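Participant: Residues in the sequence shown are numbered from 731 upward in steps of one, following my numbering. C-beta atoms are modelled at their ideal positions from N, C-alpha and C, and glycine is treated no differently. Computed from a predicted structure; not experimentally measured. The structure is given below, and queries will be raised subsequently.
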Amino acid sequence: MAEIILTRQGFLRMSGALGGAVAAVGAFAGPAGAHVRREPAAAGSGGPLLADETFPIGVFWPPPPLQTTLERWQEMADAGFTYVHSNNYLYADHYIQRHALGIADQVGLKVLVDDGDVRWLTHQFTISDDGGAFTLTRAEAETKLREVIRKYAGDGFWQIVDGRLLFDGGTGNGSIGWTLDGAEWTDYTFEFDTAPRATGAGGYAQAGWAFRVQDEGNAYVWLLTNRPADGAPSALVKAVFVGGAPQVTTTLLPFAVVPDQTYRVATTLEGDTITTTIDGVVVDTTTDATFASGPVGFREAGSESAFFDDVVVTAPDGEVLFTEDFASDLGAWRRPGGGFASFAGLHVYDEPSVAKLPDLAIVLDIIRSIDPECLPYVNHLPGFDYVEAVEQTNPEVLSFDRYPILLEGEDAGYFRNWADVRAAALPGGIPTWAYIQSVGYTNHAVPTKDDLYWQVNISLAYGCKGIQYFTYWTPDPARGENFTGGIMTVEGERTPLYDHTREVNTRYLAAIGRQMLPLTSTAVQAANLDPVPDGLEPFAPDDDVEQVRGDAVVLGRFTGPDEQRYLLVANHSRHERANVGVRWGSAVGGVATYEPERERYRDRGDRDLSLRLGPGRATLVRIEPR
């Protein structure tokens, strides 16, 4: 068997050999701990934004690429935002998105990635196996979406399938998973079964394994590939990674590596000598002293994939150091890293038409099948057919936008729109998210602080489970619509809305939102208001609330996970104070009002409750049953 020496340039030309994994060696320079592995959420849960008690507070239109800095993103976190829609031209390149995700990791923000390839797929193509112009098959769409998710999630590459490990792809720079034990192993034989799959670049099949692993950037990596080299049908590619940079040699193999065929591979380490056998035949002996000890593992890059099974690591004296048959779980392994803890999902589509829903249903289903913790987010138009959206796409959240703060008065359809969203989502227990207006534009005024509170509290009264601000950064004039006065100007200067949103988010919404996340909406009513706006029910006395007197208010009625009931009393006016009195019904044993700044309930007994609500403000009341 001939051995050839490759230069780095020659190795890069072998794009299939390592899946282009060494094109950006700097990504390997850091220690293994730099790659954050996210704990998986339950299937279909929608990932980290729906996985805990944090109330989602999102920002749309963040700082543009040249302003995507640690300081700018810390500024968003300081204002109480919990996640970001990564638009405002960040979608121009996935490297910009990855840069933003890296910053988000540092400041503790989550990100719904608005990826350019996803925009291309969802806006330019239909998805059908019937063919046609500008049509992708489901398999083609899945290939692209899998590639996109791997750019950001990074750690969903390993799964057990029928008692074997499927290593299904890796980052573009390559991903290694290795045994938790073995840091002290020096001389040993690493033996396993592998079946490389024809999923690599150019349709080639390749299986990679690693030994004497220090971290993802420092290890021996051997690869069995059927990519032809110097006339040979297959090769054993040997890469010694030091600081992320590989030194590569290739041993030509006289036989063809057949995709999906299982091979028994053994690599024996004796001091500086490394001997590899395939199906009992010695195919290579290499001498190298770079690493003296370390555990074993497997490696794939890009779209490469392979099955692995029946792992045995044996000491020279015959002692079995490690075995793995992949019969149960992956608890003995450090699974591949490379992703971002901040990655929460994909911003799949903003404001689709009803005709687009069938395609989006396929896209969302594919995303869930690839990574159940990746939230496939879609936002809908005002006045949309939300029932159809729910029936066709089965969304994890039902999101919509409607901006009610006009130059003159409010949008009269705002309550009706919220009622329609609530009616579509409530039967299936789907969380509803809403955008609130935080910018002025054509026929819409720049909101005041009272306007922000009003939008938030009306949304909470309807059972909203996530608030999103449109916009954070004021859109540039080239986009039209005369945008003005966002939270940040086009030039990046804070406007008064920055301090207003920080107050709303940090002193009110984060706390009251946590209280309201587990509640279920039972009614949304208007009291002391004539006529009652479309989308609100007129208040009617019941066993909990006998009377509401005083100024006009919106009443959000809720049940909790226990026997307690809840009442959100929201000022109907965003301009005037409201004085309200509530008389409790016969079923009430006592009430307590929530104090967001102190994050506690204050006992108020069972007497009539008097409330003084500022413009747009609200009070949450917990009702104890008698």
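Which of helix, strand or coil does DSSP assign to residue 1305?
Facilitator: Looking at residue 1305 - three-state DSSP - the assignment turns out to be coil, as it is neither helix nor strand.
Participant: Looking only at its own chain, which residues have a Cβ that is under 8 angstroms from the Cβ of residue 986, when we skip the five neighbours before and after it?
Facilitator: Taken in chain order, the residues that qualify are 956, 963, 964.
Participant: According to DSSP, what are the bridge partners of residue 936?
Facilitator: Partner(s): 955.
Participant: Buried or exposed for residue 1132, please, with buried defined as at least 16 other CB atoms from any protein chain shown within 10 angstroms of its CB.
Facilitator: Buried, by the Cβ-count rule.
Participant: Please state whether the Cβ-Cβ distance between residue 973 and residue 947 is less than 7 angstroms.
Facilitator: Their beta carbons are under 7 angstroms apart, which means residue 973 touches residue 947 by this criterion.
Participant: Among 789, 1124, 1220, 1215, which one has its Cα closest to the Cα of residue 1208?
Facilitator: Comparing Cα-Cα distances from residue 1208 to each of 789, 1124, 1220, 1215, the minimum goes to 1220.
Participant: Alpha carbon to alpha carbon, how far is residue 1231 from residue 1170? Give it in angstroms, no decimals.
Facilitator: Rounded to the nearest angstrom, the two C-alpha atoms are 15 angstroms apart.
Participant: Is residue 1197 helix, strand or coil when you go by DSSP?
Facilitator: In this structure, residue 1197 counts as strand in the three-state DSSP scheme.
Participant: With respect to the alpha helix (DSSP H) encompassing residue 1226, which residues constitute its N-terminal and C-terminal limits?
Facilitator: It spans 1226-1234 - the alpha helix (DSSP H) in which residue 1226 sits, taken as one unbroken run.
Participant: For a quick check, are the C-beta atoms of residue 894 and residue 1037 less than 7 angstroms apart?
Facilitator: Cβ atoms of residue 894 and residue 1037: closer than 7 angstroms.
Participant: Hey, out of 1042, 1034, 1028, 945, whose CA is closest to residue 920's CA?
Facilitator: For residue 920, the nearest C-alpha among the options comes from 1042.
Participant: Give the DSSP-derived three-state secondary structure of residue 1278 in the structure shown.
Facilitator: Residue state, collapsed to three classes: strand.
Participant: Applying the criterion that 16 or more other CB atoms from any shown protein chain within 10 Å of the CB defines a buried residue, is residue 1085 buried or exposed?
Facilitator: Its Cβ having fewer than 16 others within 10 Å, residue 1085 is exposed.
Participant: Following the continuous alpha helix (DSSP H) through residue 1242, name the residue where it begins and the one where it ends.
Facilitator: Where residue 1242 is concerned, the enclosing alpha helix (DSSP H) stretches over 1240-1246.
Participant: Counting only runs of 3+ residues fully inside the segment 1159-1194, write out the beta strand (DSSP E) ranges in chain order.
Facilitator: Qualifying beta strand (DSSP E) stretches, in chain order: 1162-1167.
Participant: Taking DSSP's pairing of strands, which residues face residue 1008 in a bridge?
Facilitator: In DSSP, residue 1008 forms a bridge with 995, 1011.
Participant: Excluding the five sequence neighbours on either side, which residues of its own chain have a C-beta within less than 6 angstroms of the C-beta of residue 1351, listed in chain order?
Facilitator: Counting only Cβ-Cβ distances below 6 angstroms, and skipping sequence neighbours, we find 1297, 1321, 1323.
Participant: Are there three or more Cβ pairs, one per stretch, closer than 8 angstroms when the segment 1041-1058 is compared with the segment 809-821?
Facilitator: No, they do not touch.
Participant: Determine the direct distance from the alpha carbon of residue 1185 to that of residue 1311, and round the result to whole angstroms.
Facilitator: Rounded to whole angstroms, residue 1311 to residue 1185 spans 23 angstroms at the Cα level.
Participant: Report yes or no: do the segment 1193-1209 and the segment 1173-1181 share at least 3 C-beta pairs separated by less than 8 angstroms?
Facilitator: Not touching, per the Cβ criterion.
Participant: In the DSSP assignment, what are the bridge partners of residue 983?
Facilitator: Looking at the DSSP assignment, residue 983 forms a beta bridge with 964.
Participant: May I have the straight-line CA-CA distance separating residue 1306 from residue 1061, to the nearest angstrom?
Facilitator: Going by the C-alpha atoms only, they are around 60 angstroms apart.
Participant: By the 10 Å Cβ neighbour count, where 16 or more other Cβ atoms means buried, how is residue 853 classified, buried or exposed?
Facilitator: Burial call: exposed.
Participant: Going by beta carbon distance, what residues of the same chain come within less than 8 angstroms of residue 1190, once the five residues before and after it are set aside?
Facilitator: Same-chain partners within the cutoff: 1242, 1243, 1246, 1286, 1298, 1300, 1348.
Participant: When the Cα atoms are used, what is the spatial distance from residue 1282 to residue 1126?
Facilitator: In a straight line, the C-alpha of residue 1282 is about 34 angstroms away from that of residue 1126.
Participant: Mapping DSSP to helix, strand and coil, what is residue 1156?
Facilitator: In this structure, residue 1156 counts as helix in the three-state DSSP scheme.
Participant: Let me know the secondary structure DSSP gives residue 713 once reduced to three states.
Facilitator: Since the first residue shown for the chain is 731 and the last is 1356, residue 713 is missing from the structure and cannot be characterised.
Participant: Identify which residue in 1107, 1097, 794 has its Cα closest to the Cα of residue 1077.
Facilitator: Per the Cα distances, 1107.
Participant: How many Å lie between residue 840 and residue 981 at the Cα?
Facilitator: Distance between the alpha carbons of residue 840 and residue 981: 45 angstroms.
Participant: What residue does the beta strand (DSSP E) around residue 1255 start on, and which one ends it?
Facilitator: Run containing residue 1255: 1250-1257, per the beta strand (DSSP E) assignment.
Participant: Just to confirm my understanding: we take residue 1224, look at its own chain, exclude 5 residues before and 5 after, and list those with CB closer than 7 angstroms. What are they?
Facilitator: Around residue 1224: 1218.
Participant: So for residue 1355, helix, strand or coil by DSSP?
Facilitator: Note: residue 1355 maps to strand in three-state DSSP.
Participant: Which term fits residue 1059, buried or exposed, when burial requires 16 or more other beta carbons within 10 angstroms of its beta carbon?
Facilitator: Residue 1059 should be labelled exposed.
Participant: I need the straight-line Cα distance from residue 1327 to residue 1253, nearest angstrom please.
Facilitator: When rounded, the distance between both Cα atoms is 27 angstroms.
Participant: If you run the structure through DSSP and keep just helix, strand and coil, what is residue 1121?
Facilitator: Residue state, collapsed to three classes: helix.
Participant: List the residues that DSSP assigns as beta-bridge partners of residue 949.
Facilitator: Paired residues: 971.
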